[in-house]
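In what follows, a single structure is set out as structure tokens and then discussed.
Number of protein chains: 2
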Amino acid sequence: MSIRWTLISLSFILSVRSSAVETVPKRTTPEDNLRIRRGAPFRIALFADLHFGEDAWTEWGPRQDLNSVKAMSTLLDQEHPDFVIYLGDVVTANNIMIKYASFYWDQALSPTRARSIPWSSIFGNHDDAPFEWPIEWFSDIGIPHIHCPDSNSGAEKCNFGGTTRLELMKNETEQNTLSYSKSGPQDLWPSVSNYVLKLSSSNDSQEAVAYMYFFDSGGGSYPKVISNAQVKWFENKSKEVNPNSRVPEIIFWHVPSKTYKEIAPKSDLSEHCVGSIFSEDVADQEAETGIMKVIEERPSVKAVFVGHNHGLDWCCPYMKLWLCFARHTGYGGYGNWSKGARIIEINEKPFSIKSWIRMEDGNLHSEVLLSS
Amino acid sequence: MSIRWTLISLSFILSVRSSAVETVPKRTTPEDNLRIRRGAPFRIALFADLHFGEDAWTEWGPRQDLNSVKAMSTLLDQEHPDFVIYLGDVVTANNIMIKYASFYWDQALSPTRARSIPWSSIFGNHDDAPFEWPIEWFSDIGIPHIHCPDSNSGAEKCNFGGTTRLELMKNETEQNTLSYSKSGPQDLWPSVSNYVLKLSSSNDSQEAVAYMYFFDSGGGSYPKVISNAQVKWFENKSKEVNPNSRVPEIIFWHVPSKTYKEIAPKSDLSEHCVGSIFSEDVADQEAETGIMKVIEERPSVKAVFVGHNHGLDWCCPYMKLWLCFARHTGYGGYGNWSKGARIIEINEKPFSIKSWIRMEDGNLHSEVLLSS
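As you go down the protein sequences, you meet chains A and B in turn.
If you're matching positions, the first sequence starts at 305 in our numbering and goes up one per residue.
If you're matching positions, the second sequence starts at 305 in our numbering and goes up one per residue.
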């Protein structure tokens with residue numbers, strides 16, 4: 305194996321993917337809020353665990369990413385969502401040998417951008433991970449020759465330590481007017497994608513119909529955890545934007561909290577849960593610092609949505625809310641479960657939150673009412 | 305805990321350490337080779353596993369580093385070596401929260417530089433590791449506030465992905481005329497510290513008395529392994545500089561190869577081994593790609609020296625050579641074994657290689673003849 309392999313693969317990616325890269329349309333809504341269209345529900349598609357950028361030195365990797373682009377395109381054309389949420393593990397940075405994970409990140413955004421659909425994203429545990437050298441490369445096969453600049457001038461270029469969360473977010477938001485993603489408050493760093501989006505009424509752009517909270521649940525360059533600082537931020541922010549819990553709220557992060565593990569159904573026989581695959585143990589966060597307690601005690605929170613486990617797609621009731629997995633959308637990452645996306649539909653009047661899973665083959669299953 | 309802690313600690317380090325930083329004297333030997341002084345043996349001190357830069361946000365960390373500076377100073381003043389080898393894990397980069405591991409690296413060099421003793425260094429598995437966030441920081445105690453520049457202008461500054469091997473080496477060699485370290489051939493990267501030094505005769509600067517080979521045994525940003533490419537480099541390089549194995553050779557790397565594990569004595573009762581602590585299992589490399597076979601078959605190789613295991617300091621015979629551990633020199637890193645340094649003494653006429661361990665308290669033990 306040599307650098308030629310890498311270069312060949314890279315030009316292969318560039319050529320096969322050029323069709324997926326479109327020009328960037330301007331954001332259509334002038335205000336910062338998302339707004340429900342009159343007479344229509346607000347539909348959200350969750351794209352979970354796309355894992356772009358795997359095995360770029362083989363044909364397998366780029367082919368998986370093309371399949372993921374196709375899957376997303378199909379799902380978008382079936383559901384016509386008003387909004388897309390990239391639920392983390394957009395890229396597999398520990399597989400990306402160039403200091404340029406944003407290249408792959410951008411490919412993952414392309415089907416949504418091409419349809420002028422606004423989106424937001426959060427980070428998963430793979431998005432900023434440093435490159436992990438395959439041990440096989442050090443044996444007889446040989447290490448691909450890395451063409452770093454001379455060590456005296458450009459040692460920095462031979463750094464495969466991962467693209468930081470801040471760089472990834474900066475690249476996404478600066479280059480895409482359709483992106484609603486944010487880097488979040490600096491005092492929450494190293495966790496980055498912490499922000500809230502307001503969904504406004506079709507009648508009044510000031511009136512909130514729902515709030516969507518996004519959390520960075522860590523992993524990659526730091527532990528898989530929602531910190532106590534994030535918990536406090538949520539407490540303060542939710543009180544500020546939604547005093548007295550008047551407006552319904554839904555929450556998104558990547559790695560399931562420990563509560564998911566505690567309530568996980570052992571099989572699909574569990575009478576209260578809704579879903580189609582129950583194939584794995586929950587891979588939970590490393591610690592619980594209090595987010596679940598705050599969520600439990602806040603009556604307006606209707607549901608939490610996570611990714612991370614490719615072999616789980618259930619929603620289970622927990623106290624007065626729902627804990628849901630998304631559905632593995634990408635061809636990258638482990639597991640051969642067929643691909644799909646969890647859809648969330650918010651209706652203004654009468655208010656309701658419904659959810660179902662749309663499969664790439666067109667099938668629809670696991671419909672559930674989350675606002676009951 | 306807050307950024308003030310970090311800043312306080314950093315200024316503490318800067319103030320207490322300033323006494324250890326001296327001006328850089330010019331290299332005294334004009335040629336590139338090391339040379340034996342007439343009528344005297346050539347004495348080398350191995351400084352292993354110094355682990356500078358631990359817990360910089362407490363008083364404990366900086367205090368350990370001061371103790372390590374003192375230990376090295378004492379050892380140097382007792383042994384007056386002609387050369388020092390920094391045998392890897394000079395810093396604990398996974399504990400260093402600033403993108404500036406060279407600051408700590410330089411502190412580790414300071415006692416040697418202050419005495420105008422030339423040195424060389426190799427990398428261990430901790431030297432370029434990315435920062436590992438303590439999980440406790442995410443709980444109630446709180447994350448120290450990281451003062452990164454605004455995300456729009458300087459996201460790069462919030463990267464704690466470690467200082468690369470190339471940057472560390474560049475900083476060492478550019479700023480120190482006494483350093484004999486090298487970044488090694490580019491086609492061996494990501495392993496960096498691969499080079500050979502010639503020890504010349506006191507009579508003739510062209511005549512070699514011994515060759516010293518240095519290897520980067522990986523770890524940190526890539527697997528702990530000596531690659532097949534490094535094996536081939538050694539085969540070619542040794543044939544080039546020392547055809548027919550005429551001149552004795554000694555070899556240095558950080559992480560013990562699998563052979564160390566195979567021959568490790570279970571206790572100090574082993575009749576052929578020489579040493580004082582046998583307290584741990586050998587923490588060996590992740591794979592063996594052929595270096596040991598080449599070394600075994602090369603009659604001129606007299607000994608291999610490694611660090612990594614703080615609780616081992618033995619030399620054991622293996623086939624026609626010796627496999628040796630150094631002695632834990634630093635107060636950083638795990639283990640409370642008392643500190644010391646393995647000394648190697650090369651005599652020109654009659655040729656011999658002796659070794660012993662000098663302890664910080666002045667004691668001397670485990671003397672062994674390696675050239676028998």
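Here a beta-carbon is modelled for each residue, glycine too, at the ideal position from N, C-alpha and C.
All values derive from a computational prediction rather than experimental measurement.
Buried versus exposed, by CB contacts within 10 Å (16 or more), residue i
i      : result
A/S670 : buried
A/P494 : buried
B/P547 : exposed
B/F356 : buried
B/P527 : buried
A/E335 : Per-residue confidence for A/E335 stands at a pLDDT of 45, beneath the threshold of 50, marking its modelled position as unreliable; no derived number is given.
A/E553 : buried
A/N667 : exposed
B/S420 : exposed
B/Q534 : buried
A/S457 : With a pLDDT of 48 at A/S457, under the threshold of 50, the modelled position of this residue cannot be trusted; read the value that follows with caution. The residue in question, A/S457, is exposed, as its Cβ has fewer than 16 Cβ neighbours within 10 Å.
A/G343 : exposed
B/S504 : buried
B/L674 : buried
A/H430 : buried
B/S571 : exposed
B/P422 : buried
From the options, residue whose alpha carbon lies closest to that of residue i
i      : options                           : result
B/S676 : B/C620, B/Y484 and B/K565         : B/C620
B/W441 : A/Y390, A/E592 and A/V545         : A/E592
B/G594 : B/M623, B/Q479, B/E539 and B/T633 : B/E539
A/L472 : A/C628, A/R550, A/R419 and A/Y408 : A/Y408
B/D393 : B/P385, B/S656, B/D520 and B/K474 : B/D520
B/G639 : B/Q368, B/N337 and B/I348         : B/Q368
A/M663 : A/D588, A/S580, A/L674 and A/F655 : A/S580
A/V586 : A/C628, A/I648, A/M596 and A/V545 : A/C628
B/V551 : B/Y515, B/T563, B/V559 and B/G523 : B/Y515
B/F647 : B/S604, B/K474, B/V388 and B/I567 : According to the sequence displayed, residue 647 of chain B carries Ile and not Phe. Closest option to B/I647, Cα to Cα, is B/V388.
B/V262 : B/E383, B/Y499 and B/V529         : What the structure shows of chain B is the stretch from 305 to 676, and residue 262 of chain B is not part of that stretch, so it cannot be assessed.
A/S549 : A/R602, A/W641 and A/I650         : A/R602
B/Y635 : B/K570, B/A344, B/D359 and B/N337 : B/D359
A/E590 : A/S571, A/F609 and A/K565         : A/K565
A/K502 : A/V545, A/P345, A/H384 and A/M596 : A/V545
A/V608 : A/S659, A/K653 and A/G637         : A/S659
A/G523 : A/Q490, A/T468, A/S574 and A/I567 : A/T468
A/S642 : A/L413, A/G615 and A/I650         : A/G615
B/E600 : B/T481, B/L625, B/V610 and B/H576 : B/L625
B/R341 : B/F435, B/I650, B/S506 and B/Q382 : B/S506
A/G428 : A/M623, A/T633, A/P654 and A/H612 : A/H612
A/D386 : A/F582, A/L492, A/S443 and A/Y484 : A/Y484
B/K374 : B/A418, B/E649 and B/P438         : B/A418
A/P415 : A/L354, A/W437, A/E478 and A/G466 : A/L354
Three-state secondary structure assigned by DSSP to residue i
i      : result
B/R469 : helix
A/W557 : coil
B/I647 : strand
A/P691 : No statement about residue 691 of chain A is possible, as the shown extent of chain A runs from 305 to 676 and does not include it.
A/M516 : strand
B/Y564 : helix
A/E544 : helix
A/S659 : strand
B/A344 : coil
B/G666 : coil
A/S424 : strand
A/K374 : helix
A/W361 : coil
B/I439 : helix
B/Y499 : strand
A/W626 : strand
Amino acids of chain B, ordered along the chain, whose beta-carbon sits closer than 8 Å to that of residue i
i      : result
A/P560 : Near A/P560 there are no residues of chain B at all, since even the closest Cβ is about 16 Å away, more than 8 Å.
Per-residue contacts from residue i into chain A (C-beta, under 9 Å)
i      : result
B/F442 : S495, G522, Y526, P527, V529, I530, S531, N532, A533, Q534, E590, A591 and T593
B/P434 : P434, G465, G466 and S525
Per-residue contacts from residue i into chain A (C-beta, under 8 Å)
i      : result
B/I439 : P527, V529, E590 and A591
Can you list, in chain order, the residues of the region 388-405 of chain A whose Cβ is nearer than 8 Å to any Cβ on chain B?
Taking 8 Å as the Cβ-Cβ cut-off against chain B, none of the residues of the region 388-405 of chain A qualify.
Tell me which residues of the region 581-597 of chain B have at least one Cβ-Cβ distance to chain A shorter than 7 Å, keeping chain order.
E590, A591 and T593
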